[in-house]
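Asks:
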Amino acid sequence: MMLQIARRMIQISVILLIVVIPWLCLYAHYRAARVVDDEQLMAGMRGEVITQAIHPYLDELEHPEAFLDANKGTVWSMRLAGYDIADPLAAVEMLAASKSIHWPLWLSVLVPVILTLILGKVFCSWICPGYLLFELAGKIRPLLKFAEIPPAEVKFSHKNKYIFLFVGLGITAMFSLPLFALIYPPAVISRALHAWVFGTALTGMLVVLGTMLLVEILISPRWWCQTMCPGGALYGLLGKKRLLRVKLKSSSCTGCQACIPVCEAGINPITQSGSIECDNCGVCLRHCDPAALVFTIGLPTSKNTGQPQHNSKTSNRPAAAMLTLAFWLLWATPVSGHHVLGLPHYSYKENYPQRPTLEYPATTGPYDVLLTSYPGTPTPGEPANLAFYIKNRNTGKVFTDRVKICVLQTSTFGDNVVILPTTERASFDNEHKLQCTFPVDAEYIVELTLVVEGKQEVIPFLLNAGEPTATASIVVAGVSTLLFCFVVVRAVQKKYQRRKLAAQSSSGGQQELVVIG
Amino acid sequence: MSLNRRDFVKQSAAVGLTVAGTVYLSGVGEPAEAACSKPLRPPGALQEDDFTATCIRCMRCIDACPNKALVPLQQASRLGSPGTPTMQPRKAACMLCMSVEGDYLKCTEACPSGALQLVKKDKEEVQEKVHIGIAELDTDLCYSYNNWSCGACYRACPLAGEAMTIGLWERPTVNPEVCVGCGCCERSCIRYPHAIRVKQEAGA
Chain P
70 MMLQIARRMI
80 QISVILLIVV
90 IPWLCLYAHY
100 RAARVVDDEQ
110 LMAGMRGEVI
120 TQAIHPYLDE
130 LEHPEAFLDA
140 NKGTVWSMRL
150 AGYDIADPLA
160 AVEMLAASKS
170 IHWPLWLSVL
180 VPVILTLILG
190 KVFCSWICPG
200 YLLFELAGKI
210 RPLLKFAEIP
220 PAEVKFSHKN
230 KYIFLFVGLG
240 ITAMFSLPLF
250 ALIYPPAVIS
260 RALHAWVFGT
270 ALTGMLVVLG
280 TMLLVEILIS
290 PRWWCQTMCP
300 GGALYGLLGK
310 KRLLRVKLKS
320 SSCTGCQACI
330 PVCEAGINPI
340 TQSGSIECDN
350 CGVCLRHCDP
360 AALVFTIGLP
370 TSKNTGQPQH
380 NSKTSNRPAA
390 AMLTLAFWLL
400 WATPVSGHHV
410 LGLPHYSYKE
420 NYPQRPTLEY
430 PATTGPYDVL
440 LTSYPGTPTP
450 GEPANLAFYI
460 KNRNTGKVFT
470 DRVKICVLQT
480 STFGDNVVIL
490 PTTERASFDN
500 EHKLQCTFPV
510 DAEYIVELTL
520 VVEGKQEVIP
530 FLLNAGEPTA
540 TASIVVAGVS
550 TLLFCFVVVR
560 AVQKKYQRRK
570 LAAQSSSGGQ
580 QELVVIG
Chain U
5 MSLNRRDFVK
15 QSAAVGLTVA
25 GTVYLSGVGE
35 PAEAACSKPL
45 RPPGALQEDD
55 FTATCIRCMR
65 CIDACPNKAL
75 VPLQQASRLG
85 SPGTPTMQPR
95 KAACMLCMSV
105 EGDYLKCTEA
115 CPSGALQLVK
125 KDKEEVQEKV
135 HIGIAELDTD
145 LCYSYNNWSC
155 GACYRACPLA
165 GEAMTIGLWE
175 RPTVNPEVCV
185 GCGCCERSCI
195 RYPHAIRVKQ
205 EAGA
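Chains as they are written, first to last, in this note's numbering: chain P, 70 to 586; chain U, 5 to 208.
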């Protein structure tokens, strides 16, 4: 029990860590720009966290810059308290993609590799945020079963992940493009959390995680970790000869088999606890009433791996590993060096008061059309400036004929609303300019009509004002809410049906008794 | 291991679908036609192909940039391999870490994989190793070439007088030999669409 609480605590603190590090970095950015004290810039959720939760504490440190410099990155590769740690998969993948060895990266995978050699696949079960996510997703399946919508339970082979690891590395080497970084759940989750903190787009990552979750919930429980994860495969191979392993004291085992369904790795702890698949999560220990399953330190015995012992060969391995670890810890030094190069030549607020613009490119015939909106995302209710710059890409001449422009507001259901009826515009300073006030947060279409080589061309530009909710996300949110409600309602219905059936059968039994009586 | 045909098909389907999805996400099969709008890479970056191979997409340079100039490329943008860092000078330019402490450019110091080569913060090394791109001026748009006078880009240029010279009516001229592509000129341009912008070098 204590072990499982400790495991959950570690998993949650890892999640906290990958949220806190981007926050610290964001704070470092604001600090470098000297805007932390600016009330206007510090408005909103980000500013509140920075000014209230981070700034007062970090400002008291003696060298806040050194502290901020020493914490960066994601679980994929992280600088923590000045030390570099990277996922072995990242190093292997980079080796395959670039066919070159970058020693600092290999030094930073040393700690995880040594830990895996000693403790086995503990990265998966104790640290990986993806493992936690999929563990929790697995808890939704009982609800589906309760509502009598039994999810499929397809079993895939555990060997798939090794195939995926090697096929993926092969493709990576062939095309010189890393693959695993884009789907490896810990990397994707930490990138998604990073994007959330930094306010960049995270749709792509959510789609990857959503697909995995759907497969986990609907098709095959614990599919990713058990049968597909290339990281898990690599850790498994590294931890094959681990020292810490689950062992069965066969004298105390009652044969109740309570450990088999709970095993997160999908193996049979009674017979396969020494196998390459076991990730030392310790869940089976908690469910073993006679405490027949225990963690032991030692090399595999022939009994639970089916392999002969290698005691004489490997007995000095842990000592060597410890020495290497100590050497590495002493050898690596935190970042140091402070140096001020005078005043900044610019900062956010002093020299650069402009609000950013956004550009929407298009082409028609020989012309490149560029719509620029200023500000980039117009504020609803305030006038925004739109400018068309039309240039012939072959001759380099600017298009200066008159054009027609109209602005429409899109609508998810129903027709588009005309915001600005078609107006004719002449060129001024090589641009066709237009001022327009967008009434509400929404998506708008700016339609440009121009005559190219005697033919009339209409180019629509899609433009956002304020923060409109995308139609797709409305649909996804709506459908998933409906599905969830359906499942819950069905679960409640089924519960009542079952209760009624039970009541009927018991009252029926009483009647019979009466008749007999 | 005994494996019947049905099981073999099932397992291959699982692996095959996962591989296919991953390959699709990584954009391996993407045509190279987007070469004209190559994403700008951080200072000290290797050549584009080596860079996408070496970068492990860990976001550390993005964390390190004190000017918040680096952002990860998005899957949807289809501009390059998603997760790799890029720079959009219109939003924030590379200020070559001039306003912060430290001896090295922060992003190059943070890079764990060698995709960004360490660049020391002195003028010779910056000139030699930083090739983000080269600023290109559109004289049809630049105010100074169109009956006005501006000079905002010249004032922003960290190598003013060398990478950029200024003439009559504050007409700027870029010296492509010296320009490192930091994007400060693009960031400062008051015209929209901006008259000066950084393009990744053709050779890079």
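Here a beta-carbon is modelled for each residue, glycine too, at the ideal position from N, C-alpha and C.
From the DSSP secondary-structure annotation, give me the bridge partner or partners of U:Thr169.
Replies: U:Thr177
Asks: So, does the CB of U:Cys189 fall closer than 8 Å to a CB anywhere in chain P?
Replies: no
Asks: Which of helix, strand or coil does DSSP assign to P:Gln295?
Replies: helix
Asks: Which residues, in chain order, does the stretch 170-184 of chain U contribute to contact with chain P at a C-beta distance below 9 Å?
Replies: none
Asks: Is there a C-beta anywhere in chain U that falls below 8 Å from the one on P:Arg462?
Replies: no
Asks: When you compare only the Cα positions, how much space is there between P:Ile258 and P:Met274?
Replies: 8 Å
Asks: What residues match up with P:Phe497 in a beta bridge as DSSP calls it?
Replies: P:Glu500
Asks: Taking U:Asn150 as the query, report the chain P residues whose CB atoms sit under 9 Å from its CB, ordered along the chain.
Replies: Asp498 and Asn499
Asks: Using the Cα positions of P:Asp153 and P:Tyr304, report the straight-line distance between them to the nearest angstrom.
Replies: 19 Å
Asks: Per DSSP, what kind of secondary structure is P:Met274 in: helix, strand or coil?
Replies: In the three-state scheme derived from DSSP, where H, G and I count as helix and E and B as strand, P:Met274 is classed as helix.
Asks: Tell me the rounded alpha-carbon separation between P:His476 and U:Pro86.
Replies: Here the sequence assigns Val to residue 476 of chain P, which means His is not the residue at that position. Taking the straight line from one Cα to the other gives about 33 Å.
Asks: Skipping 5 residues on each side, what residues in its chain have a beta carbon closer than 6 Å to that of P:Ile84?
Replies: Pro198
Asks: Using a Cβ cut-off of 8 Å (strictly closer), state whether P:Thr432 contacts chain B.
Replies: No chain B appears in this structure, whose protein chains are P and U.
Asks: Among the residues of its own chain, which have a CB less than 7 Å from the CB of U:Arg94, if the five just before and after it don't count?
Replies: Glu190, Arg191 and His198
Asks: Suppose you measure from the CA of P:Ser194 to the CA of P:Ala534; what does that come to, to the nearest Å?
Replies: 45 Å
Asks: State the beta-bridge partners of U:Val75 as determined by DSSP.
Replies: U:Thr90
Asks: Any heavy atom of the ligand ADP inside 7 Å of the beta-carbon of P:Lys230?
Replies: Absent from the structure shown: the ligand ADP. Ligands present: none.
Asks: What's the call for U:Ser45, buried or exposed, on a 16-neighbour Cβ count within 10 Å?
Replies: Reading the sequence as shown, one finds Arg at residue 45 of chain U and not Ser. Buried, because 16 or more other Cβ atoms sit within 10 Å of the Cβ of U:Arg45.
Asks: Which same chain residues end up closer than 6 Å to P:Pro359 when comparing Cβ atoms and leaving out the 5 residues on each side of it in sequence?
Replies: Ser321 and Thr323
Asks: Tell me whether the beta-carbon of P:Gln306 lies closer than 8 Å to the beta-carbon of P:Phe249.
Replies: In the sequence on display, residue 306 of chain P carries Leu and not Gln. Going by C-beta atoms, P:Leu306 is not nearer than 8 Å to P:Phe249.
Asks: Could you please give the first and the last residue of the uninterrupted beta strand (DSSP E) stretch that includes P:Cys475?
Replies: Run containing P:Cys475: Val472 to Gln478, per the beta strand (DSSP E) assignment.
Asks: With DSSP as the reference, label U:Lys125 as helix, strand or coil.
Replies: Under the three-state reduction of DSSP output, U:Lys125 falls in the coil class, being neither helix nor strand.
Asks: Just the Cα atoms here: how many angstroms apart are P:Leu278 and P:Pro254?
Replies: For P:Leu278 and P:Pro254, the distance between alpha carbons rounds to 7 Å.
Asks: Can you pull the chain U residues whose beta carbon is under 7 Å from the beta carbon of P:Asn229, in chain order?
Replies: Gln15, Ala18 and Val19
Asks: To the nearest whole angstrom, what separates the beta carbons of P:Ala206 and P:Leu282, a pair I think is in contact under 8 Å?
Replies: 5 Å
Asks: Tell me which same chain residues have a C-beta within less than 7 Å of the C-beta of U:Pro43, skipping the five on either side of it?
Replies: Leu77, Leu83, Gly84 and Thr90
Asks: Should the stretch 131-148 of chain P be regarded as contacting the stretch 283-294 of chain P, the criterion being three or more beta carbon pairs within less than 8 Å?
Replies: no
Asks: Residues in its own chain within less than 8 Å of P:Ser542 by CB, not counting five upstream and five downstream?
Replies: none
Asks: Compute the Euclidean distance between the alpha carbons of P:Ile603 and P:Asn461, then round it to the nearest angstrom.
Replies: Since the first residue shown for chain P is 70 and the last is 586, residue 603 of chain P is missing from the structure and cannot be characterised.
Asks: Do P:Val515 and P:Ile474 have their C-beta atoms closer together than 8 Å?
Replies: P:Val515 places its beta carbon less than 8 Å from that of P:Ile474.
Asks: Distance, Cα to Cα, U:Ser153 vs P:Asp484?
Replies: 46 Å
Asks: Would you call the stretch 128-135 of chain U in contact with the stretch 178-187 of chain U, where contact means no fewer than 3 C-beta pairs closer than 8 Å?
Replies: yes
Asks: Measuring straight from C-alpha to C-alpha, what distance separates P:Ile366 and P:His124?
Replies: 45 Å
Asks: Nearest chain U C-beta to P:Trp145 closer than 8 Å, yes or no?
Replies: yes
Asks: Terminal residues of the continuous beta strand (DSSP E) containing P:Ser442?
Replies: Tyr436 to Tyr443
Asks: If we ignore side chains and look at the alpha-carbon of each, how far apart do P:Ala41 and P:Gly547 end up?
Replies: Past the edges of chain P, shown from 70 to 586, lies residue 41 of chain P, and the structure says nothing about it.
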